[in-house]
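Here's the structure we're looking at; comments come further down.
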Amino acid sequence: MTATQDPYAGSRETTEGRVYTVTGGDWDQTFGSDLTGEERLVVNMGPQHPSTHGVLRLVLDLEGETVTKARVVIGYLHTGIEKNTEYRTWTQGTTFVTRMDYLSPLFNEAGYCMAVEKLLGIEVPQRAQTIRVLVMEINRIASHLVCLATGGMELGALTGMTNGFREREMCLDLLEEITGLRMNHAYIRPGGVAQDLPPGAEQSIREWLRVMPGQLAGYHQMLTAQPIWQRRLKDVGYLDVTGCLALGVTGPPLRATGLAWDLRKIEPYLGYETYDFEVPTADTSDAWGRFLVRMAEMHESLRIVEQALDRLEPGPVMVEDRKIAWPAQLSLGADGMGNSLDHVRHIMGTSMEALIHHFKLVTEGFRVPAGQVYVPVESPRGELGYHVVSDGSTRPWRVHVRDPSFVNLQATAAMSEGGMIADVIAAIASLDPVMGGVDR
Amino acid sequence: MTGPGDRSGADASQGVAAPSGGFRKGAFGVSGSGDTSGFGGLVRVEPGGAVALHSTERPYGGWFDEVTDALAEAVGEATYAAAVQRVLVDRGEITYFVAREHLLTLVRALRDDDALRFELCSSVSGVDYEGSGGPVTTPGRPRLHVVYHLTSMTYRRRIRLEVAVTVEDPHVPSVSGIYPTADWHERETYDMFGIVFDGHPALTRILMPDDWDGYPQRKDYPLGGVPVEYHGATIPPPDTRRSYR
Numbered sequence: 001m002t003a004t005q006d007p008y009a010g011s012r013e014t015t016e017g018r019v020y021t022v023t024g025g026d027w028d029q030t031f032g033s034d035l036t037g038e039e040r041l042v043v044n045m046g047p048q049h050p051s052t053h054g055v056l057r058l059v060l061d062l063e064g065e066t067v068t069k070a071r072v073v074i075g076y077l078h079t080g081i082e083k084n085t086e087y088r089t090w091t092q093g094t095t096f097v098t099r100m101d102y103l104s105p106l107f108n109e110a111g112y113c114m115a116v117e118k119l120l121g122i123e124v125p126q127r128a129q130t131i132r133v134l135v136m137e138i139n140r141i142a143s144h145l146v147c148l149a150t151g152g153m154e155l156g157a158l159t160g161m162t163n164g165f166r167e168r169e170m171c172l173d174l175l176e177e178i179t180g181l182r183m184n185h186a187y188i189r190p191g192g193v194a195q196d197l198p199p200g201a202e203q204s205i206r207e208w209l210r211v212m213p214g215q216l217a218g219y220h221q222m223l224t225a226q227p228i229w230q231r232r233l234k235d236v237g238y239l240d241v242t243g244c245l246a247l248g249v250t251g252p253p254l255r256a257t258g259l260a261w262d263l264r265k266i267e268p269y270l271g272y273e274t275y276d277f278e279v280p281t282a283d284t285s286d287a288w289g290r291f292l293v294r295m296a297e298m299h300e301s302l303r304i305v306e307q308a309l310d311r312l313e314p315g316p317v318m319v320e321d322r323k324i325a326w327p328a329q330l331s332l333g334a335d336g337m338g339n340s341l342d343h344v345r346h347i348m349g350t351s352m353e354a355l356i357h358h359f360k361l362v363t364e365g366f367r368v369p370a371g372q373v374y375v376p377v378e379s380p381r382g383e384l385g386y387h388v389v390s391d392g393s394t395r396p397w398r399v400h401v402r403d404p405s406f407v408n409l410q411a412t413a414a415m416s417e418g419g420m421i422a423d424v425i426a427a428i429a430s431l432d433p434v435m436g437g438v439d440r
Numbered sequence: 001m002t003g004p005g006d007r008s009g010a011d012a013s014q015g016v017a018a019p020s021g022g023f024r025k026g027a028f029g030v031s032g033s034g035d036t037s038g039f040g041g042l043v044r045v046e047p048g049g050a051v052a053l054h055s056t057e058r059p060y061g062g063w064f065d066e067v068t069d070a071l072a073e074a075v076g077e078a079t080y081a082a083a084v085q086r087v088l089v090d091r092g093e094i095t096y097f098v099a100r101e102h103l104l105t106l107v108r109a110l111r112d113d114d115a116l117r118f119e120l121c122s123s124v125s126g127v128d129y130e131g132s133g134g135p136v137t138t139p140g141r142p143r144l145h146v147v148y149h150l151t152s153m154t155y156r157r158r159i160r161l162e163v164a165v166t167v168e169d170p171h172v173p174s175v176s177g178i179y180p181t182a183d184w185h186e187r188e189t190y191d192m193f194g195i196v197f198d199g200h201p202a203l204t205r206i207l208m209p210d211d212w213d214g215y216p217q218r219k220d221y222p223l224g225g226v227p228v229e230y231h232g233a234t235i236p237p238p239d240t241r242r243s244y245r
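Chains A and B supply the protein sequences, listed in that same order.
No gaps in the numbering here: position 328 of the first sequence is 328 in full-length UniProt numbering, and each next residue is one more.
No gaps in the numbering here: position 139 of the second sequence is 139 in full-length UniProt numbering, and each next residue is one more.
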């Protein structure tokens, strides 16, 4: 078959010479006797490609196997979440933002809720703050495990994938027990959290804390010490501290350059200054350093979870102010989290005022004084910033999310141009972009 | 989008007189419907709607004065006076409202001056204040705001710059030459709000398809959606539902 017979893979004359469009098949069949001269190839990778970490599209200019130009095309997962929040109440906003970066939903919720609380000028109860820290750190481990798992899969370490998702499932089981859902929890709400830790959760977390260090050690045996893994990552995707700052890259890629920039230490929130933990860094500025930083961070997160668990004191998990606090308590049934029957009985059967209060707060919501705030939190991928504007009404005027994946992905060209095409995959995997957050 | 209801914000366009406020009626987003439920009660709103119109008096408190003085010194008092229209300190955050002609001078000084050192541009985004009440809604007022969040990693400080432009002339100089990270942020802001960043190397759409019409996050751009039918009842799309303000 010659090239001209294939309607999808033809060739055409341009001012720069003949350009071929190739969709597969043998080189000889496509080019025939034309296989001479320069070998500039433009490869379109993605958006549906198992190695591009989601619906990411890369347009790569190649000279042989060397990448001369890397362009990143995003937007395939744009769902208009920021716009949608403008049409919902402040509380409903949580349900939307948790779906942005779907691997770190609790960070989205926490950042958003902290922004709303800053606009309201309220402080959430101590127990709610501790629970937030607890679930976020469990979430951080789950997120880093997915980074390892998918990153490993993209580089051919398939066992890394199966093991990573196995341990992640242990984290998600915990989150399911606490929040009722594996992902997209909508658990952290403006004013506190949706419900207290259920009975038995503490025991499950302690059991998990006992098991996890051994499981994580397995990754060091399987990956850290493995020559192939080392060679795929070392000196790949190099980006030093100057490059990181210019391109706005934060999170593990920045810490892998040796700068211990972690917002949990720099601008502590939710009482992070009272926890004893280290900020792991590396000095290699490459994909290998980022891998080591993430591995070490998981151990630090385990320490934080343990401390949070130890200091949990009984108390409310939602602000006292009944004009803000969600009136309904949720309860965990056999089919997941749902309405509390006690609450329904109370408002439907005994108190008209409680019914009115419930109706007002649930359908109308609370008003937030006009103004704007910017609240950053340290998500597993870097600085997750919420710029929230209120006009004084029951709905956000504007919610803008500074998503770390979106910003970090800009570094793709700087990290991969001049390298091999196979290293592009490793470089992007080491940034750990989540397209739900990139495109929002 | 549902109508914002009756708003009678005080006209504070004359200057920075003491905020007198205004009221907004129509909790369901409707007016004149004879709604007697009580939910349409008066709600007090700020005179500028979502935009505060006053300027915070000195001293600003904390390190805010230090940064402001260093900035004025770095660019010169005359330039500072011309560039910074208002300074607002609210909820522990400082916002400089900047004239776009002087934006690049200011940003360059903020990044390079030893006493300022805002090395990191955390975020650039837009806000459309159309319909938020107050004089910002009157014709010819700049309703599109570009908001910059700058971080000093040396001094561990954060500031916000805000530039306001009109829909008719939505041009702002690009800071991508100073902060390369602003590249995608500015493309997104252009994509969503139609704000044109002059001097940007390739200002194209980034999240929406290249041939998309309109700027989705402007307030006069509908949310869209289709009615959902369920058990014979029809639920309208979110932006045409009865709603509270």
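Note that the Cβ used here is the ideal one computed from N, Cα and C, for glycine as well.
DSSP three-state assignment for residue i, whether helix, strand or coil
| i | result |
| --- | --- |
| M298(A) | helix |
| A429(A) | helix |
| L42(B) | Note on L42(B): pLDDT 49, under 50, position unreliable in the model; the coordinate value appears next. Correct three-state label for L42(B): coil. |
| Q85(B) | strand |
| Y215(B) | coil |
| I101(B) | Here residue 101(B) turns out to be Glu, not Ile, going by the sequence shown. Reduced to three states, the DSSP call for E101(B) is helix. |
| R99(A) | coil |
| R111(B) | helix |
| V236(A) | coil |
| P173(B) | strand |
| T240(B) | helix |
| A325(A) | coil |
| F197(B) | strand |
| V226(B) | coil |
| G382(A) | strand |
| M45(A) | strand |
Residue i at chain A interface by Cβ criterion, 9 Å
| i | result |
| --- | --- |
| L207(B) | yes |
| D128(B) | yes |
| E188(B) | yes |
| V147(B) | yes |
| S174(B) | no |
| D90(B) | yes |
| A233(B) | no |
| A52(B) | yes |
| Q217(B) | yes |
| T95(B) | yes |
| H200(B) | no |
| T105(B) | no |
C-beta neighbour in chain B for residue i, strict 9 Å
| i | result |
| --- | --- |
| H78(A) | yes |
| W261(A) | yes |
| F406(A) | yes |
| Q410(A) | yes |
| R168(A) | no |
Terminal residues of the beta strand (DSSP E) in which residue i lies
| i | result |
| --- | --- |
| D61(A) | 57-63 |
| D191(B) | Segment 182-193 is the alpha helix (DSSP H) holding D191(B); no beta strand (DSSP E) there. |
| N184(A) | Premise fails: N184(A) is in no beta strand (DSSP E) and is neither H nor E. |
| L120(B) | 120-128 |
| R158(B) | 157-165 |
Same chain only: Cβ atoms within 7 Å of residue i, ignoring 5 sequence neighbours per side
| i | result |
| --- | --- |
| A70(A) | L58, L60, T412, A413, S416, E417, V424 |
| P216(B) | M192, M208 |
| T36(B) | With a pLDDT of only 49 at T36(B), under 50, the local geometry of the prediction cannot be trusted, and no value is derived from it. |
| A260(A) | V279, T281 |
Whole-number beta carbon distance between residue j and residue i, since they are thought to touch under 8 Å
| i | j | result |
| --- | --- | --- |
| G436(A) | L77(A) | 6 Å |
| V438(A) | F406(A) | 5 Å |
| Y374(A) | H357(A) | 33 Å between Cβ atoms; not a contact. |
| residue 250(B) | T166(B) | In the structure displayed, chain B extends from 1 to 245; residue 250(B) sits before or after that span and is not available. |
Residue i: first and last residue of the uninterrupted alpha helix (DSSP H) it sits in
| i | result |
| --- | --- |
| N84(A) | 81-85 |
| Y179(B) | From DSSP, Y179(B) is part of no alpha helix (DSSP H); its letter is neither H nor E. |
| V146(A) | 126-154 |
| Y112(A) | 105-120 |
| T242(A) | 241-247 |
| H358(A) | 352-359 |
| Y219(A) | 201-219 |
| V75(B) | 64-75 |
Close-in-space but distant-in-sequence residues of the same chain around residue i (CB under 6 Å, 5 per side omitted)
| i | result |
| --- | --- |
| S143(A) | L103, S104, P380 |
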